[in-house]
Amino acid sequence: MLAWLACGVNAARKTRSQAAARERNVLPNFLVIGAAKAGTTSLWSYLAQHPEVYLPETKEPNYFAFADEPPNCTGPAPAHVIHELLLKFSVTSWQEYLALFDGRSSQKAVGEASVRYLYYPEAVARIHARLPGVRFIVVLREPVSRMYSHYWMNRQFQLEDLELEDAIAAEPERRRAGWGYDWHYVAVGSYAAQVERYFRTFGRERVAVFLYDELSADPLGVFRQVCRFLGVADTFVPDVSERSKEASRPRFLALDRMLHHPNPVRSLGFRILRPARFEALRVRIRRWNSARVPQLENGRRERLKEHFRADVRRLEQILGRDLSAWQ
Numbered sequence: 077m078l079a080w081l082a083c084g085v086n087a088a089r090k091t092r093s094q095a096a097a098r099e100r101n102v103l104p105n106f107l108v109i110g111a112a113k114a115g116t117t118s119l120w121s122y123l124a125q126h127p128e129v130y131l132p133e134t135k136e137p138n139y140f141a142f143a144d145e146p147p148n149c150t151g152p153a154p155a156h157v158i159h160e161l162l163l164k165f166s167v168t169s170w171q172e173y174l175a176l177f178d179g180r181s182s183q184k185a186v187g188e189a190s191v192r193y194l195y196y197p198e199a200v201a202r203i204h205a206r207l208p209g210v211r212f213i214v215v216l217r218e219p220v221s222r223m224y225s226h227y228w229m230n231r232q233f234q235l236e237d238l239e240l241e242d243a244i245a246a247e248p249e250r251r252r253a254g255w256g257y258d259w260h261y262v263a264v265g266s267y268a269a270q271v272e273r274y275f276r277t278f279g280r281e282r283v284a285v286f287l288y289d290e291l292s293a294d295p296l297g298v299f300r301q302v303c304r305f306l307g308v309a310d311t312f313v314p315d316v317s318e319r320s321k322e323a324s325r326p327r328f329l330a331l332d333r334m335l336h337h338p339n340p341v342r343s344l345g346f347r348i349l350r351p352a353r354f355e356a357l358r359v360r361i362r363r364w365n366s367a368r369v370p371q372l373e374n375g376r377r378e379r380l381k382e383h384f385r386a387d388v389r390r391l392e393q394i395l396g397r398d399l400s401a402w403q
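Below, the structure written as C-alpha cells:
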C-alpha cells in the first residue's frame, strides 16, 4: 500500500515537473506592447519572417490585458459585434496563452504583440508575475496622428458616429460608462505614464522604444536594432514591402458592414469557402471598398495637439529625446 502511494506521489511530482519544464520552454521572452496604430503590425510581420524568431500566427492575444476575465466589449455596438471586430483573437486563460507558443522549435526569441499592454495599468503587474525576465518593444506615434487613425478605424467599422472633437469631449463620460480602450482616443495617446510604468517595473534596459516615423522611414534599420535588442542575427533581411495599414473609410457602408459585422451572408461565405480563401476574398473586397480619409487640416491639427502638449514634454524627459516635432 505504501509503495503504491509513493508511486502515485512520484508520478504526480513528475507530471508537475514536466508541466513546469514545458511552460519554461514556451514562455515568451519578448513582447511588442504598443502603441496602437503605430506600425506594430508591420514590425510584427517583419519579425515573423526571421528564422530565429517565433511568433504565434495571430496578433493581439491580449492575455495580460484581461487575464482570466472576459474582454471588455462595452461600447456603441452589441458586445458580440465588438468582440468580432476588435477582440476575436483574445485569449483569457493561461493554458490557452501557453498553447500559442506550442509551435516553437529552436528559435531564440519567442514573443507576441498586443498593443493594449502598454495602456492597461494592470498588465504590468501581470506580466511581471508571469514573465519577470521578458523584454519589451514599444513603437510610439505622434499622438494626434495616432488618434486620428484610431478614430477612422472605428468609423470604418461603424463603431463611431460622432465627429472627432465631439468624441474627444465624450471620452470622460464614455470611460465612466465602461466603454473599452478603443474609444479612449486621448488617453491611449498620452504615453508618458504608460512608458514610465514599464521603465520603473522592468528597467530601461529591457524596454526598447522606437518612433513610428523612424520605422516608416527606415524599416530595415529599425528591424536590425530590434534584432540586436532580442539577441538574434541582424543580417537577416525581411520583406518590408507590406507597410502599416493606413486609415481608410468605406465607400459603401452596407458592403463594409456585410464584410465586418456578423450576418447571414458573411456566415454563408465562410461555410462555402475555406477560411483562408474567404479571408483573402474579404481583404480584396475591403481594399476595393476603401477610400482615403480626409486630410487633417493644419489648424485643426494644432488645436488637437493641445490635448497632448504637456504629456509630450513629460515624455521627452522620460525618454531623453527631442519630440519638438510632436508639439
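One rule links them: number in my numbering = place in the sequence shown (from 1) + 76.
Glycine included, each C-beta is placed from N, C-alpha and C at the ideal position.
In the displayed model, Phe233 falls within coil according to three-state DSSP, outside both helix and strand.
Contact check between the region 189 to 203 and the region 259 to 274: three or more CB pairs, one atom from each, fall below 8 Å, which counts as touching. For Tyr173 and Ala199, the gap between their C-alpha atoms comes out near 14 Å. Inter-residue distance for Glu290 and Ile348 is about 43 Å (C-alpha atoms, whole angstroms).
Contact fails between the region 247 to 254 and the region 161 to 180, because fewer than three Cβ pairs, one in each stretch, are under 8 Å apart.
Assignment of Arg360 by DSSP, reduced to helix, strand and coil, places it in the helix class.
In the DSSP assignment, Ala185 falls within the beta strand (DSSP E) that extends over 185 to 189. About 7 Å separates the beta carbon of Phe305 from that of Arg211, a gap short enough to meet the 8 Å contact definition.
In terms of Cα proximity to Ala246, the closest of Ala263, Leu391, Arg390, Phe233 is Ala263.
Beta bridge pairing from DSSP links Phe106 with Gly187, Arg211. Beta bridge pairing from DSSP links Val283 with Phe212. The region 283 to 308 is shown to contain whole beta strand (DSSP E) runs of 3 or more residues at 283 to 287, in chain order. Within the same chain, Cβ atoms closer than 6 Å to the Cβ of Tyr130 are found at Arg180, Gln183, Val186, the five residues on either side in sequence being excluded. The criterion of a C-beta distance shorter than 7 Å is not satisfied by Phe142 and Arg202. Within a 10 Å sphere around the beta-carbon of Arg231 sit 16 or more other beta-carbons, which makes this residue buried. Here Leu372 is near Tyr224, since their CB atoms are less than 7 Å apart.
Within the DSSP secondary-structure output, Tyr130 pairs in a beta bridge with Val186.
When secondary structure is reduced to three states using DSSP, Val316 falls in the coil class, being assigned neither helix nor strand.
Of the candidates Ala401, Val220, Gln125, Pro152, Val220 places its Cα closest to the Cα of Ala111. Excluding sequence positions up to five before and after Tyr261, its CB lies within less than 7 Å of the CB of Met223, His226, Tyr227, Ala243, Ile244, Glu247, all in the same chain and listed in chain order.
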